[in-house]
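The listed protein sequences correspond, in order, to chains A and B.
Take the first sequence: its position 169, counted from the start at 1, is 376 in this note's numbering, and no numbers get skipped.
Take the second sequence: its position 248, counted from the start at 1, is 265 in this note's numbering, and no numbers get skipped.
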Amino acid sequence: MNAVDIKELSFSYKDVEVFNGLNLSIDKNSFTTILGRASTGKSTLFKILSGELKYSGKVSILNKSIFYNLEKNYLGLVSTSIYNFKEKTARKELVRILELEERISLSRIDMEINKVSKKLGIKNILDYDVRTLSVKEKILLMFAIQIINRPKVLILDNVLSYLDDEKDIIIKELLRLNRKNVTIINITNDTEECMFGSNVVVLDNIIRTFKIAQMTEEDFLDNGLNVPFMVSLSSKLNFYGLIEKKYLKMEKLVDDLWQ
Amino acid sequence: MFDDVTYLDEIKDVSFSIDDGKITGILGNMDSCKDTLIDLMSGLINPGDESIIYDGIDDSDIGILYKDADEQFFYDNIISDFNLILKRHHVKNVEKRIFDSLKLVGLSSSFLYRSPFELSLSEQKKISLALILSFNPKMIVLDEPFLGLDNKDKNLFIKLINMMKIKYGKTIVIVSKDVDMIHRFSDKVVLINEGRVIKIGDKYEVLSDESLLQQCKLKVPKLIKFSILVRENKKINIGYRDDINDLAKDIYRYLR
Numbered sequence: 208m209n210a211v212d213i214k215e216l217s218f219s220y221k222d223v224e225v226f227n228g229l230n231l232s233i234d235k236n237s238f239t240t241i242l243g244r245a246s247t248g249k250s251t252l253f254k255i256l257s258g259e260l261k262y263s264g265k266v267s268i269l270n271k272s273i274f275y276n277l278e279k280n281y282l283g284l285v286s287t288s289i290y291n292f293k294e295k296t297a298r299k300e301l302v303r304i305l306e307l308e309e310r311i312s313l314s315r316i317d318m319e320i321n322k323v324s325k326k327l328g329i330k331n332i333l334d335y336d337v338r339t340l341s342v343k344e345k346i347l348l349m350f351a352i353q354i355i356n357r358p359k360v361l362i363l364d365n366v367l368s369y370l371d372d373e374k375d376i377i378i379k380e381l382l383r384l385n386r387k388n389v390t391i392i393n394i395t396n397d398t399e400e401c402m403f404g405s406n407v408v409v410l411d412n413i414i415r416t417f418k419i420a421q422m423t424e425e426d427f428l429d430n431g432l433n434v435p436f437m438v439s440l441s442s443k444l445n446f447y448g449l450i451e452k453k454y455l456k457m458e459k460l461v462d463d464l465w466q
Numbered sequence: 018m019f020d021d022v023t024y025l026d027e028i029k030d031v032s033f034s035i036d037d038g039k040i041t042g043i044l045g046n047m048d049s050c051k052d053t054l055i056d057l058m059s060g061l062i063n064p065g066d067e068s069i070i071y072d073g074i075d076d077s078d079i080g081i082l083y084k085d086a087d088e089q090f091f092y093d094n095i096i097s098d099f100n101l102i103l104k105r106h107h108v109k110n111v112e113k114r115i116f117d118s119l120k121l122v123g124l125s126s127s128f129l130y131r132s133p134f135e136l137s138l139s140e141q142k143k144i145s146l147a148l149i150l151s152f153n154p155k156m157i158v159l160d161e162p163f164l165g166l167d168n169k170d171k172n173l174f175i176k177l178i179n180m181m182k183i184k185y186g187k188t189i190v191i192v193s194k195d196v197d198m199i200h201r202f203s204d205k206v207v208l209i210n211e212g213r214v215i216k217i218g219d220k221y222e223v224l225s226d227e228s229l230l231q232q233c234k235l236k237v238p239k240l241i242k243f244s245i246l247v248r249e250n251k252k253i254n255i256g257y258r259d260d261i262n263d264l265a266k267d268i269y270r271y272l273r
């Protein structure tokens with residue numbers, strides 16, 4: 208079973224065709240980064256996967272419909288285009304999510320909220336009106352909700368670029384969720400972000416799927432994408448005959464070069 | 018250029034100068050109030066006292082590339098925006114200017130009759146840049162110029178920024194939270210945090226200060242980080258590079 212299965216998806220905005228018979232599947236339990244040049248349909252794909260747009264073709268998540276997954280809270284979404292906060296403050300929002308779990312005590316709710324808000328550095332905004340939060344704070348709150356909610360599939364829509372140093376914390380949390388069998392799908396403009404994941408999907412006229420460990424500089428350039436720093440440096444040093452494989456960690460590369 | 022500006026408690030005692038014909042990078046995180054700074058520069062808001070002094074530059078001689086299209090465009094067809102900006106700057110030979118500037122950014126004149134608000138982000142950025150180039154300002158302010166651009170468009174912008182600096186001697190200000198981009202382009206860096214200037218200096222001096230950047234919720238640029246790791250872990254000083262090709266070449270020279 209795949210996390211996402213798309214068959215013969217077609218979609219147009221008025222007279223502009225975005226997808227024409229797109230086929231794509233995303234592995235269950237993978238951390239998949241979706242990249243693509245401008246206007247290749249990244250944000251449209253997010254809107255389709257979040258149930259916002261009507262399309263023709265077949266899209267299923269964990270073999271069920273998008274709406275079934277949303278209903279069951281199996282599908283988590285983080286995007287600046289949807290803030291689906293139902294309560295007035297961040298704390299009330301988190302309480303509501305926790306109360307969905309059966310047999311959870313009040314003290315346990317307090318503890319959980321404390322834990323997640325401390326981790327993400329949002330303790331000071333817990334009692335603010337959610338409407339007054341900055342974009343970054345709203346994104347952090349959405350992540351807090353998803354960390355508590357622990358969906359089966361979590362889709363991010365170009366949100367990591369809004370974060371400053373909180374990005375490292377969020378990535379750590381995403382990797383932790385991924386180890387607990389949450390499929391992470393990160394749609395992004397920033398090719399550096401594919402370094403955290405395992406799989407890469409490049410949207411273009413032809414859809415291509417890669418394992419990040421096997422991607423070369425050409426795979427990015429051929430698709431009009433910026434090459435991530437470590438991929439680029441590894442490939443240049445490989446050209447000079449200094450290293451034989453690709454390095455994803457800078458410390459390791461420095462160690463091996465000057466051993 | 019800025020001399021003790023105080024505005025609505027957001028920007029506090031900001032003082033720095035921008036050098037003629039150089040690229041100044043203004044670096045700050047999401048909450049650093051860079052937006053207010055840009056509004057101050059553009060004259061959209063008045064700082065209250067005469068504190069922004071443009072030496073030899075009229076503030077109508079400044080072209081600003083905004084992060085958001087909503088701030089850049091006034092009309093729902095691009096030609097009207099061109100006409101507005103060229104009229105405001107008393108430019109003659111309007112048609113040639115429009116044609117030349119569109120050519121620079123690689124767009125055809127068929128865009129002139131389209132609405133800027135229905136274009137893709139990268140098309141909006143290119144049109145915005147063409148608008149600015151069309152009236153030939155002395156100073157150009159670029160707010161997050163690469164946000165949302167793919168590799169091809171990014172390379173075009175890099176080419177144009179270098180051309181504006183080297184060939185036309187423009188004074189350029191780049192405002193961004195992207196440390197790698199600021200490192201690549203700037204001669205001088207102004208680091209701001211929570212509406213205050215934290216440090217001004219040569220780019221290597223500012224961008225290699227790991228703990229200071231960390232306090233400002235920023236990271237060291239990757240190219241500089243590499244040199245720092247080699248220095249700290251291997252006790253070898255390889256200096257700093259601005260370009261990944263140069264770094265690879267020099268590593269080869271060291272290790273050969």
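Cβ atoms here follow ideal geometry from the backbone N, Cα and C, with glycine treated the same way.
Going by C-alpha to C-alpha distance, which of A:Val366, A:Glu309 and A:Asp334 sits closest to A:Asn356? Within the first sequence, the letter at position 149 stands for residue 356 of chain A. Of A:Val366, A:Glu309 and A:Asp334, the residue nearest in Cα terms is A:Glu309.
Buried or exposed: B:Leu103, going by 16 or more other Cβ atoms within 10 Å of its Cβ? The residue labelled residue 103 of chain B in the question sits at position 86 within the second sequence. Buried, since its Cβ has 16 or more Cβ neighbours within 10 Å.
Could you compute how far the alpha carbon of B:Ala265 sits from the alpha carbon of A:Thr339? Residue 265 of chain B sits at position 248 when you count from the first residue of the second sequence. Residue 339 of chain A sits at position 132 when you count from the first residue of the first sequence. Just so you know, the alpha carbons of B:Ala265 and A:Thr339 end up roughly 47 angstroms apart.
Tell me, please, whether the CB atom of A:Glu458 is closer than 8 angstroms to any CB atom in chain B? Residue 458 of chain A sits at position 251 when you count from the first residue of the first sequence. A:Glu458 counts as touching chain B.
To which residues of the same chain is B:Leu25 closer than 8 angstroms at the C-beta, ignoring the five residues directly before and after it? Against the second sequence, residue 25 of chain B aligns to sequence position 8. For B:Leu25, the pLDDT reaches just 49, beneath the cut-off of 50, and the residue's location in the model is therefore unreliable, although a value from the coordinates is still provided. The residues are Thr53.
Start and end residues, beta strand (DSSP E) containing B:Val247: Numbered from 1 along the second sequence, position 230 holds the residue referred to as residue 247 of chain B. From DSSP, B:Val247 is part of no beta strand (DSSP E) but of the alpha helix (DSSP H) over Lys239 to Lys251.
Along chain B, in chain order, which residues have C-beta atoms closer than 7 angstroms to that of A:Asn433? As a working mapping, residue 433 of chain A is identified with position 226 in the first sequence. Near A:Asn433 (Cβ distances below 7 angstroms), the residues of chain B are Asn168 and Lys171.
As assigned by DSSP and simplified to three states, the class of A:Arg298: Locating residue 298 of chain A in the first sequence gives position 91, where the first residue counts as 1. Helix at A:Arg298.
In this structure, how does DSSP classify A:Lys152 when only helix, strand and coil are distinguished? Because chain A is modelled from 208 through 466, residue 152 of chain A falls outside the range shown and cannot be assessed.
Going by CA-CA distance only, name the one from A:Ile450, A:Ile346, A:Val225 and A:Ser442 that's closest to A:Leu370. Here residue 370 of chain A corresponds to residue number 163 of the first sequence, with the count starting at 1. Checking every option, the nearest Cα to that of A:Leu370 belongs to A:Ile346.
Please state the DSSP three-state secondary structure of A:Glu308. As a working mapping, residue 308 of chain A is identified with position 101 in the first sequence. In the structure shown, A:Glu308 sits in coil (DSSP, three-state: anything other than H, G, I, E or B).
Please say whether A:Asn385 and A:Leu363 have beta carbons closer to each other than 8 angstroms? Here residue 363 of chain A refers to the residue found at position 156 when the first sequence is read from its first residue. Here residue 385 of chain A refers to the residue found at position 178 when the first sequence is read from its first residue. No; because the gap between Cβ atoms is not below 8 angstroms, this pair is not in contact.
Counting only C-beta atoms, is A:Ser312 closer than 8 angstroms to chain B at any point? In the first sequence, residue 312 of chain A corresponds to position 105, counting from 1. False, the Cβ-Cβ gap to chain B never drops below 8 angstroms.
State yes or no: is the C-beta of A:Val285 within less than 8 angstroms of the C-beta of A:Thr251? Position 78 of the first sequence, counting from 1, holds the residue named residue 285 of chain A. Position 44 of the first sequence, counting from 1, holds the residue named residue 251 of chain A. Contact flag unset, no.
Run through chain A and tell me which residues come within less than 9 angstroms of B:Asn250, C-beta to C-beta. Here residue 250 of chain B refers to the residue found at position 233 when the second sequence is read from its first residue. The answer, in chain order, is Glu458, Val461, Asp462 and Trp465.
Helix, strand or coil for A:Thr251? Go by DSSP, reduced to three states. Along the first sequence, read from residue 1 onward, the residue named residue 251 of chain A stands at position 44. Here A:Thr251 sits in helix by DSSP.
Buried versus exposed, by CB contacts within 10 Å (16 or more), A:Phe350: For the purposes of this step, residue 350 of chain A is taken as the residue at position 143 of the first sequence. So A:Phe350 counts as buried.
Helix, strand or coil for A:Asp375? Go by DSSP, reduced to three states. Residue numbering aside, residue 375 of chain A sits at position 168 when the first sequence is read from its first letter. If DSSP states are grouped into helix, strand and coil, A:Asp375 belongs with the helices.
Cα separation between B:Lys220 and B:Pro162? Within the second sequence, the letter at position 203 stands for residue 220 of chain B. Within the second sequence, the letter at position 145 stands for residue 162 of chain B. Going by the C-alpha atoms only, they are around 19 angstroms apart.
Assess, as a yes-or-no matter, whether the stretch 203-219 of chain B is touched by the stretch 35-51 of chain B under the definition of 3 or more beta carbon pairs within less than 8 angstroms. yes
Is B:Gly165 close to chain A? Criterion is C-beta to C-beta, closer than 8 angstroms. By 1-based counting over the second sequence, the position of residue 165 of chain B is 148. So, interface residue.
So, with DSSP's three-state summary, where would you put B:Asp219? Here residue 219 of chain B refers to the residue found at position 202 when the second sequence is read from its first residue. Note: B:Asp219 maps to strand in three-state DSSP.
Short-range partners of chain A found in the stretch 34-61 of chain B, where Cβ spacing is below 8 angstroms: Cβ contacts with chain A: Asn46, Met47 and Asp48.
Look at the alpha carbon of A:Asn365 and the alpha carbon of A:Ile378, and state the distance between them as a whole number of angstroms. In the first sequence, counting from the first residue as 1, residue 365 of chain A sits at position 158. In the first sequence, counting from the first residue as 1, residue 378 of chain A sits at position 171. Straight-line Cα distance between these residues: approximately 13 angstroms.
Any idea if B:Ala147 is buried or exposed, counting beta-carbon neighbours within 10 angstroms, 16 or more meaning buried? Here residue 147 of chain B refers to the residue found at position 130 when the second sequence is read from its first residue. Under this definition B:Ala147 is a buried residue.
Does DSSP put B:Asp78 in a helix, a strand or coil? By 1-based counting over the second sequence, the position of residue 78 of chain B is 61. In this structure, B:Asp78 counts as helix in the three-state DSSP scheme.
8 angstroms is my cut-off, CB to CB: does B:Phe174 come that close to chain A? One-based indexing of the second sequence puts residue 174 of chain B at position 157. No, its Cβ sits nowhere closer than 8 angstroms to a Cβ of chain A.
Span of the alpha helix (DSSP H) holding A:Arg244? Within the first sequence, residue 244 of chain A is the residue found at index 37, counting from 1. Run containing A:Arg244: none; DSSP gives neither H nor E here.
What is the rounded straight-line gap between the Cα of B:Lys187 and the Cα of B:Asn179? As a working note, residue 187 of chain B is residue 170 in the second sequence. As a working note, residue 179 of chain B is residue 162 in the second sequence. Their backbone Cα atoms lie some 10 angstroms apart in a straight line.
Could you tell me the alpha carbon to alpha carbon distance between A:Ile419 and A:Asn276, rounded to whole angstroms? On the first sequence, residue 419 of chain A is found 212 positions in, with the first residue counted as 1. On the first sequence, residue 276 of chain A is found 69 positions in, with the first residue counted as 1. Rounded to whole angstroms, A:Ile419 to A:Asn276 spans 28 angstroms at the Cα level.
Residue nearest to B:Asp48 in terms of C-alpha spacing, selected from B:Ile261, B:Leu235, B:Ile255 and B:Asn250: Within the second sequence, numbered from 1, the residue matching residue 48 of chain B stands at position 31. The shortest C-alpha separation from B:Asp48 is found at B:Leu235.
Taking B:Lys184 and B:Asp78 to be in contact with their CB atoms under 8 angstroms, please state how far apart those CB atoms are, rounded to whole angstroms. As a position in the second sequence, residue 184 of chain B is number 167, starting the count at 1. As a position in the second sequence, residue 78 of chain B is number 61, starting the count at 1. In fact, because the Cβ distance is near 18 angstroms, the residues do not count as touching under 8 angstroms.
Nearest candidate by alpha-carbon position, reference A:Ser232, set A:Leu464, A:Glu458 and A:Val408: Stepping through the first sequence from its first residue, residue 232 of chain A is reached at position 25. Closest option to A:Ser232, Cα to Cα, is A:Val408.
Can you pull the chain B neighbours of A:Tyr369, defined as C-beta to C-beta under 8 angstroms? Translated into the one-based positions of the first sequence, residue 369 of chain A becomes position 162. Within chain B, the residues near A:Tyr369 are Met47.
So, using beta-carbon positions, are A:Ile352 and A:Ile320 closer together than 8 angstroms? Locating residue 352 of chain A in the first sequence gives position 145, counting from the first residue. Locating residue 320 of chain A in the first sequence gives position 113, counting from the first residue. The answer is no: Cβ separation not under 8 angstroms.
Just curious, the beta strand (DSSP E) that A:Phe417 is in, first and last residue? Counted from its first residue, the first sequence places residue 417 of chain A at position 210. Taken as a continuous stretch (DSSP letters only), the beta strand (DSSP E) holding A:Phe417 covers Arg415 to Lys418.
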